[in-house]
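Residue 306 is where the sequence shown ends in the UniProt record's numbering, and the numbering goes up by one at each step. Cβ atoms here follow ideal geometry from the backbone N, Cα and C, with glycine treated the same way. Remarks on the structure that follows.
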Amino acid sequence: MKICVILNPAAGRGVAGQRRAELEAALRRADLAYTLVATHSRGGATELAFQAIDRGFDCLVAVGGDGTINEVVNGIIGSRQRDLGDAKLGIIPLGTGSDFVRALAGFSDGDLNSSVQRITAGVTRPVDLGQIVVEAGNQELHRIFINGLGAGIDAQVAVEVPKITWLSGIGAYIVASMRALATYRPGVMSVRYDGKEFRRKLYFATIGNGRFQGGGFLMTPSGVIDDGLLDLCAVQSLRFDQVIRYYPKLIEGTHVSLRVVTTAQARSLSIASARPFPVATDGEVVATDASAVHIEVMPGAIQLLA
């Protein structure tokens, strides 16, 4: 393998950058030949992935959180679609949320040595992805996600999280959730999936490839990253006292039994509303004024070093 390590030094509130020397020491101990490049702006990991594949690297290692992984994945798939080449994906999780790796047995956020060992072993598994088209104003936005998509208040939480600079992990997401609850006004959403449809006033509709979102919330507990399906969790508009009562259930994954929750598995889905709504993929905001989003699964679309 020709390995390019793509480091987001801002990930995990700057922890990834602070641990760069430790990371490189772990890579050297494993006797891995690699080139390391660092991002300098949002979206930078996607451009670095394009450049690495164009230079012949066939293994890209994302160092950061879900957002960094997302950007590298978009670079890999984008390169493939442009016939520039292809690459396997490696992950060294050092992010704020790191929800995707919670679906991977043996992965631990911040554990450099075990992550490097997986790269050294070179064993891959095919993992599903989701591809989306967001209609926002006069634009069509195309994205790929590896862990999940949020439409509604959960995406509004993603808008708020970067503003919470004094907390990390699930604590930051809880504070961001409280802020989102104070400002977000749910609208009627039309949700279609594999030939079925319902129309309700929703707080949010989450699509999961993995099981966790929002820094540790078990949003789609039936999610399996290689089953060729995406999992839907749609939550109806709630009173504030219901939000407080049900909130712990979102962390535990027991919310799926509530009557206000609709779950399903599907290969393709769409969400639309007359009231503009925010959309986020893998914890990163795609649009704040979407009118519709169309989602399809890409079965086994990427080879993950796992």
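For residue 232, the enclosing beta strand (DSSP E) begins and ends at 230 to 236.
The distance from the Cβ of residue 65 to that of residue 168 is about 10 Å, inconsistent with a contact at the 8 Å cut-off. For residue 164, there is no enclosing beta strand (DSSP E), as DSSP gives it neither H nor E. A straight line joining the alpha-carbon of residue 214 with that of residue 132 spans about 19 Å.
Sequence-distant Cβ neighbours of residue 198 in its own chain, meaning closer than 6 Å and more than five residues away, are 191. Counting only runs of 3+ residues, the beta strand (DSSP E) found wholly inside the stretch 188 to 256 occupies 196 to 208, 230 to 236, in chain order. By the Cβ neighbour-count rule, residue 14 is exposed, with fewer than 16 other Cβ atoms within 10 Å of its own. Within the stretch 21 to 49, the runs of beta strand (DSSP E) at least 3 residues long that lie entirely inside it are, in chain order, 34 to 38. When the Cα atoms are used, residue 187 and residue 267 turn out to be separated by approximately 25 Å.
Looking from the CA of residue 193, the closest CA among 293, 203, 102, 112 belongs to 293.
Contact between residue 170 and residue 223 is absent: CB atoms are separated by about 18 Å, not below the 8 Å threshold. Assignment of beta-bridge partners to residue 69 by DSSP yields no partner. In this structure residue 143 is buried. Its beta-carbon is surrounded by 16 or more other beta-carbon atoms within 10 angstroms. The stretch 135 to 155 and the stretch 270 to 288 touch, with no fewer than 3 CB-CB distances between them shorter than 8 Å. For a cut-off of 8 Å, the C-beta gap from residue 89 to residue 76 is around 6 Å, short enough to register as a contact.
Apart from the 5 residues on each side of it in sequence, residue 99 sits with its Cβ closer than 6 Å to the Cβ of 66, 147, 212, 213 in its chain, given in chain order. With the rule of 3 Cβ pairs closer than 8 Å, the stretch 150 to 163 counts as touching the stretch 267 to 280.
In this structure, DSSP gives residue 112 a helical state, which the three-state scheme calls helix.
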